[in-house]
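In the working numbering, the protein residues as written are 1 to 145.
Even glycine gets a Cβ: it sits at the ideal position worked out from N, Cα and C.
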């Protein structure tokens, strides 16, 4: 088998996606509460709160859209990724800096060719899933992991 065709197919878990989005919303609310409790004049707290909410909502919407448009990922040892979409063909992407892989849990950072970047929490069992073992090997070969 050539190393150019060595790949892993990973299917994300819907519960883990909800966990990522839910924790993002929870942390956004905590951040808003911290801003409201800052010892600043009210108009400065309002400005900081507005900036914080715009940033957080933008990131959550980008992640939600990326999750909605990706059914699975095909990862290659050269660092490229094909994002399988439900309606159109595959979307070209690559590993982004910040990807972390453990034995059963991974945080995969994906950067699409159009510049969009998102994170995906993925779980797998290396003893039962051959694709998960391949994913671990590919992550060891790619510098972004």
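When you compare only the Cα positions, how much space is there between residue i and residue j?
i, j, result
"residue 123", "residue 78", "22 Å"
"residue 94", "residue 113", "8 Å"
"residue 6", "residue 54", "41 Å"
"residue 132", "residue 40", "49 Å"
"residue 17", "residue 141", "26 Å"
"residue 15", "residue 38", "35 Å"
"residue 35", "residue 28", "11 Å"
"residue 72", "residue 26", "26 Å"
"residue 88", "residue 57", "26 Å"
"residue 12", "residue 121", "7 Å"
"residue 143", "residue 128", "26 Å"
Grab me the residues of residue i's own chain with a C-beta within less than 7 Å of its C-beta, minus the 5 sequence neighbours each way, in chain order.
i, result
"residue 32", "49, 52 and 53"
"residue 90", "82, 83 and 84"
"residue 75", "7, 8, 10, 81, 135 and 138"
"residue 65", "none"
"residue 116", "62 and 66"
Keeping to the same chain, check which residues put their C-beta closer than 6 Å to that of residue i; ignore five residues upstream and five downstream.
i, result
"residue 134", "8"
"residue 80", "94"
"residue 67", "17"
Please list, in chain order, all residues of the same chain as residue i whose beta carbon is under 8 Å from its beta carbon, the five residues on each side excluded.
i, result
"residue 126", "103, 104, 132, 133 and 136"
"residue 130", "none"
"residue 119", "20, 63, 98, 107, 108, 109 and 110"
"residue 60", "21, 24, 25 and 28"
"residue 86", "69 and 71"
On the DSSP bridge assignment, give the partners of residue i in chain order.
i, result
"residue 110", "95 and 118"
"residue 10", "73"
Return yes when at least one heavy atom of the ligand COA lies under 7 Å from the C-beta of residue i, else no.
i, result
"residue 83", "This structure simply doesn't include the ligand COA, nor any ligand for that matter."
Is the segment 101-111 in contact with the segment 46-53, if contact means three or more CB pairs nearer than 8 Å?
No, the segment 101-111 is not in contact with the segment 46-53.
Please confirm if the segment 84-98 is in contact with the segment 38-47, defined as three or more CB-CB distances below 8 Å between the two stretches.
no
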